[in-house]
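**Q** Quick one: this structure, given as structure tokens, is what I'll be asking you about.
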Amino acid sequence: MTFSPVSPSLRNQIAVTAVAFVGFTGYTLVMPFLALYVRALGVSRDADVALWTGLALGLTPLITALCAPFWGRIGDRYGNKILVQRSLLSFIFVMIAMAFVTRPWHLVALRALQGLVAGYGGLTIAMVAMSVPRERMAHAIGVVQTAQRMGPAVGPIIGGILVPLVGLRGSFYAAAGIYVVAFLMITTMYAEPARQAAGGRRSGGVRFGNVLAFENFVVLMAVIFCLQLVDRSFGPILALHLEQLGYVQLSILSGVLFSVLAVSGALGHQLAATLLRTQSPRAVIAGAALAGAGGMSIFAAAATLWLLLPAMAIIGLSLGTALTAAFSAAGAVIPEDAHGVSFGFLTSASLIGSAISPVLSGLVVGHSFRVVFVTAAITLAALAIAVRRVMVERTPTVEQTPVLED
Numbered sequence: 000m001t002f003s004p005v006s007p008s009l010r011n012q013i014a015v016t017a018v019a020f021v022g023f024t025g026y027t028l029v030m031p032f033l034a035l036y037v038r039a040l041g042v043s044r045d046a047d048v049a050l051w052t053g054l055a056l057g058l059t060p061l062i063t064a065l066c067a068p069f070w071g072r073i074g075d076r077y078g079n080k081i082l083v084q085r086s087l088l089s090f091i092f093v094m095i096a097m098a099f100v101t102r103p104w105h106l107v108a109l110r111a112l113q114g115l116v117a118g119y120g121g122l123t124i125a126m127v128a129m130s131v132p133r134e135r136m137a138h139a140i141g142v143v144q145t146a147q148r149m150g151p152a153v154g155p156i157i158g159g160i161l162v163p164l165v166g167l168r169g170s171f172y173a174a175a176g177i178y179v180v181a182f183l184m185i186t187t188m189y190a191e192p193a194r195q196a197a198g199g200r201r202s203g204g205v206r207f208g209n210v211l212a213f214e215n216f217v218v219l220m221a222v223i224f225c226l227q228l229v230d231r232s233f234g235p236i237l238a239l240h241l242e243q244l245g246y247v248q249l250s251i252l253s254g255v256l257f258s259v260l261a262v263s264g265a266l267g268h269q270l271a272a273t274l275l276r277t278q279s280p281r282a283v284i285a286g287a288a289l290a291g292a293g294g295m296s297i298f299a300a301a302a303t304l305w306l307l308l309p310a311m312a313i314i315g316l317s318l319g320t321a322l323t324a325a326f327s328a329a330g331a332v333i334p335e336d337a338h339g340v341s342f343g344f345l346t347s348a349s350l351i352g353s354a355i356s357p358v359l360s361g362l363v364v365g366h367s368f369r370v371v372f373v374t375a376a377i378t379l380a381a382l383a384i385a386v387r388r389v390m391v392e393r394t395p396t397v398e399q400t401p402v403l404e405d
């Protein structure tokens with residue numbers, strides 16, 4: 000009995016998928032509980048806790064967003080593997096350093112420094128897209144995208160169990176260890192495809208301005224920005240909101256809610272692929288955004304877990320569906336020679352939304368955390384109306400359009 004060897008493209012796909020899952024698990028092991036860590040550093044007022052947490056969560060993706068098109072072009076020229084290795088190493092050292100901070104501004108400074116070399120999530124998408132044949136690209140990207148969603152589903156639960164056992168500072172060591180595993184995986188398992196090593200023929204001559212002229216591209220960047228703005232609004236305040244509602248065991252409960260958001264978001268990716276077979280991206284995005292507004296309204300009004308949990312599931316399903324539809328619509332109009340730079344811009348839109356959201360959440364809190372959820376509901380409703388009115392109708396073939404998740 001003989002066994003056929005694993006093909007290089009399949010080995011690369013397995014490696015990138017595993018790294019995406021492990022890396023995102025490490026990140027969400029500690030970040031959902033960052034507000035509790037800020038409070039442990041001596042910040043007492045809830046509004047100040049939310050503001051410092053928002054700054055710490057937001058600076059890294061903001062700086063990464065500004066660098067994303069540049070790093071995307073570098074990756075197209077010299078290969079993405081070394082960039083991902085560099086990013087994972089930075090996470091290892093930053094997580095260890097976070098365990099030693101004594102002031103909230105130390106967290107903010109470390110996160111800002113990390114932003115210069117972070118952003119491996121978008122790079123893993125480019126890596127798997129480069130590794131597989133064109134006809135398998137959408138499926139391969141979808142698998143990595145699901146891994147990026149499932150990591151945040153597992154991470155908060157692990158963190159919720161670890162924090163009572165090893166403390167908040169000890170959880171940063173655990174996260175650093177997870178990133179060590181991810182670094183070893185990408186180093187030993189992934190082989191740079193020959194077409195990347197050849198050097199920059201895919202997007203070397205594409206101008207940034209040309210990318211923005213693609214049909215619906217600017218509109219879709221705005222859609223992705225708004226969806227991420229809503230998606231990341233929970234980060235700095237969810238644990239504090241639960242505390243205000245009178246709950247205890249905050250790390251466990253907030254971890255469960257974050258996991259529900261992540262799992263339902265992953266299901267939304269699959270739902271979008273099904274819906275796009277019969278409906279246009281414009282209809283799918285608008286419908287999902289409207290459903291998300293409803294879910295966010297329920298979450299804002301709810302005080303019991305039996306309402307908070309299904310509301311969070313509706314929000315995650317809606318955001319996942321809309322994001323996948325938006326990236327699919329963008330992929331349908333991106334020519335092959337503009338692949339790297341174009342997805343760099345989409346990644347920037349996603350990261351800027353991720354960066355601004357926690358800061359805005361910290362600024363608008365006031366005396367009640369509900370105002371954040373009400374604002375998010377209004378944003379999603381307005382987005383649904385804008386998409387219906389502005390976006391050009393197009394029905395792409397889903398199997399031929401890559402999907403990217405930040």
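With numbering that gives the first Met the number 0, letter number 37 in the sequence shown gets 36, and the count goes up by one each step, no holes. All C-beta atoms in this analysis are idealised placements derived from N, C-alpha and C, irrespective of residue type, glycine included. All values derive from a computational prediction rather than experimental measurement.
#1: Would you decide whether Ser258 is buried or exposed? Buried here means 16 or more other CB atoms lie within 10 Å of its CB.
#2: Using a Cβ-Cβ distance under 8 Å, would Ile251 count as near chain D?
#3: Return yes when the Cβ of Gly176 is within less than 8 Å of the Cβ of Gly254, no when it is not.
#4: Quick one: using the 10 Å Cβ neighbour count with 16 as the cut-off for buried, is Ser327 buried or exposed?
#5: Extract the residue ranges of the beta strand (DSSP E) inside the stretch 26-93, only unbroken runs of 3 or more that lie entirely within it.
#6: Could you check which residue in Pro192, Val107, His105, Val48 has the C-alpha nearest to that of Leu9?
#7: Within 10 angstroms of the Cβ of Leu306, are there 16 or more other Cβ atoms? Answer buried if so, exposed if not.
#8: How far does the alpha helix (DSSP H) with Phe372 in it extend, from its first residue to its last?
#9: In terms of residues, what are the limits of the alpha helix (DSSP H) holding Thr273?
#10: Decide if the stretch 265-272 is in contact with the stretch 385-393; the criterion is three or more beta carbon pairs, one per stretch, under 8 Å apart.
#11: Quick one, are the C-beta atoms of Ala329 and Phe216 less than 8 Å apart?
#12: Looking only at its chain, what residues have a beta carbon closer than 6 Å to the beta carbon of Val18, apart from the 5 residues adjacent to it on each side?
#13: With a Cβ-Cβ cutoff of 8 Å, do Leu50 and Leu362 count as a contact?
#14: Using the beta-carbon count (16 or more within 10 Å), is Arg201 buried or exposed?
#15: Could you tell me the distance, in whole angstroms, from the CA atom of Thr374 to the CA atom of Tyr189?
#16: Alpha carbons only, please: which of Gly57, Phe32, Ser263 is nearest the one belonging to Val162?
#17: Which of the three DSSP states is assigned to Arg148 in this structure?
#18: Thinking C-beta only, is Phe372 closer than 8 Å to Ala321?
#19: Do Leu260 and Gly315 have their C-beta atoms closer together than 8 Å?
#20: Relative to the C-alpha of Thr187, which candidate in Ala348, Leu61, Ile13, Ala383 has its C-alpha closest?
#21: Would you be able to state if there are at least three C-beta pairs under 8 Å between the stretch 34-52 and the stretch 228-239?
#22: Report the rounded CA-to-CA distance for Arg85 versus Phe99, giving the unit in angstroms.
#23: Measure the alpha-carbon distance for Pro357 versus Leu239 and round it to whole angstroms.
#24: Considering only the alpha carbon of each residue, which of Leu164, Ala108, Ile377 lies closest to Gln248?
#25: Put Leu115 into one of helix, strand or coil per three-state DSSP.
#26: Following the continuous alpha helix (DSSP H) through Gly245, name the residue where it begins and the one where it ends.
#27: Label His67 either buried or exposed according to how many other C-beta atoms from any shown protein chain fall within 10 Å of its C-beta, with 16 as the threshold for buried.
#28: Which of helix, strand or coil does DSSP assign to Phe99?
#29: Suppose contacts are defined by Cβ-Cβ distances below 8 Å. Is Asp15 in contact with Val143 by that definition?
#30: So is Ala348 buried or exposed if we call it buried at 16+ other beta carbons inside 10 Å?
#31: If you follow the alpha helix (DSSP H) that Ile297 is in, where does it begin and where does it stop?
#32: Does the stretch 272-281 come into contact with the stretch 79-96, if we say contact requires no fewer than three beta-carbon pairs (one atom in each stretch) closer than 8 Å?
#33: Could you tell me whether the Cβ atoms of Ala301 and Ala310 are closer together than 8 Å?
#34: Report all residues from its chain with a CB closer than 7 Å to the CB of Leu219; omit the five preceding and five following residues, and keep chain order.
#35: Using DSSP with H/G/I as helix, E/B as strand and the rest coil, what is Gly234?
#36: By how many angstroms is the C-alpha of Arg231 removed from the C-alpha of Ala354?
**A** So, to answer that:
#1: buried
#2: As a matter of chain content, chain D is missing from the structure shown, which is built from one protein chain.
#3: no
#4: buried
#5: none
#6: Pro192
#7: exposed
#8: 369-389
#9: 249-274
#10: no
#11: yes
#12: Ala181, Met184, Ile185
#13: yes
#14: Confidence is the limiting factor: at Arg201 the pLDDT is only 45, short of 50, which leaves the residue's position unreliable, though a coordinate-based value still follows. So Arg201 counts as buried.
#15: 43 Å
#16: Phe32
#17: helix
#18: no
#19: yes
#20: Ile13
#21: yes
#22: 22 Å
#23: 13 Å
#24: Leu164
#25: coil
#26: It is not in any alpha helix (DSSP H) - Gly245 carries neither H nor E in the DSSP assignment.
#27: Just to set this straight, residue 67 is Ala in the shown sequence, not His. Answer is buried; the Cβ neighbour count reaches 16.
#28: coil
#29: The amino acid occupying residue 15 in the given sequence is Val; Asp does not appear at that position. In contact: Val15 and Val143 (Cβ atoms closer than 8 Å).
#30: buried
#31: 280-300
#32: no
#33: yes
#34: Ala325, Ala328, Ala329
#35: coil
#36: 8 Å
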